[in-house]
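Data block below; observations after.
In UniProt numbering, the protein residues as written are 1 to 349.
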């Protein structure tokens, strides 16, 4: 029994060793039951790319990218610098074109003006007087008639019928002119007769002895013109009853000024104040001066001299009465102010 136990103990390690040997053999064979791919690669002739070639291509690409980036940066910097310099100190210069600005065409076309190249045009054309010309041409040469136009070359003789017709028209015109002159003379004589009769009825016409002989001598020297007016027209005499009306300005009649007492005026009456004076006499004299200067404005106005006191002193206000409203008084004062005279529209209290 002891031997069986010992045999069993000894048999177990032997079995374990067998199993380990089999695993190692399997591990060394890599893949038991599968083909080795290395054999196929060797048979196909495949060769792996060397590592040095890959490293060279990568390095070249890196240097190329760096060069492109550096060139781009340099170009942007130069472009920006040119912009800054041009905006600050760049002055645009326009170069003049070579040659004349305008050139007259050889054949301008159209029609040429007449009378060109004459001596009378040299001053206006050249801008100054030229020396005396050997030959002066004042007009263009006469036109030569063309043989193809026989109508212009034929001289037409004046027929007696045309001459008699022209004489008849002249006679009729002369007769008409004579008739018009006779009618004008008759009208002038009739007007002169009526004028003399009217003058004899309104006023006596005194004859001037000094001028009468002279007029008679002139009438003898001057002979009447046939077909003309026998007597010249004279302007009508002024009517005897024509009289100029006398002036109604206040400066001509200075004594017609109406003075109104301030006590008779009601409160609220519209007035115009012309000034304040030391005495009523001075105020009235000033009124006469203003009335003489502005007669048209003072026709229907009345004088008001009002006594007043202020700060212990007595003075007299010169005012104008006769306004329908405050606007009327303002218009009056505006007219006087425009001429340099003081005037203030006021209300009586």
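Ideal Cβ placement from N, Cα and C applies to all residues, glycine included.
It should be emphasised that the depicted structure is a prediction, and the values quoted were computed from it without experimental measurement.
The bridge partners DSSP lists for residue 275 are 318.
DSSP places residue 280 within a helical segment (H, G or I) once states are collapsed to three. If the five residues before and after residue 259 are omitted, its C-beta is found closer than 6 angstroms to the C-beta atoms of 303, all from its own chain and listed in chain order.
In the three-state reduction of the DSSP assignment, residue 257 falls in the coil class, being assigned neither a helical nor a strand state. Counting other Cβ atoms within 10 Å of its Cβ, residue 82 stays below 16 and is therefore classed as exposed. Pairing residue 283 with residue 269, the inter-Cα distance amounts to about 20 angstroms. Of the candidates 346, 313, 339 and 337, the residue whose Cα lies closest to the Cα of residue 323 is 346. In this model, residue 75 and residue 65 are separated by some 15 angstroms (Cα to Cα).
Within the model, the alpha-carbon separation for residue 300 versus residue 330 is close to 16 angstroms. Remark: three or more beta-carbon pairs, one from each stretch, lie closer than 8 angstroms, so the region 261-276 and the region 313-320 are flagged as touching. Taking each of 135, 62, 186 and 321 in turn and checking the Cα distance to residue 257, the smallest one comes out for 321. Residues 272, 343, 344 and 345 of the same chain have their beta carbon placed closer than 8 angstroms to that of residue 333, with the five preceding and five following residues left out of the count. The C-alpha of residue 311 is placed about 34 angstroms away from the C-alpha of residue 297. For residue 307, same chain residues with a beta-carbon under 6 angstroms away, outside a window of 5 residues either side, are 316 in chain order. In the three-state DSSP reduction, residue 308 falls in the strand class (E or B). By the CB criterion at 8 angstroms, residue 114 and residue 140 fall inside the cutoff.
For residue 344, the beta-bridge partners assigned by DSSP are 273.
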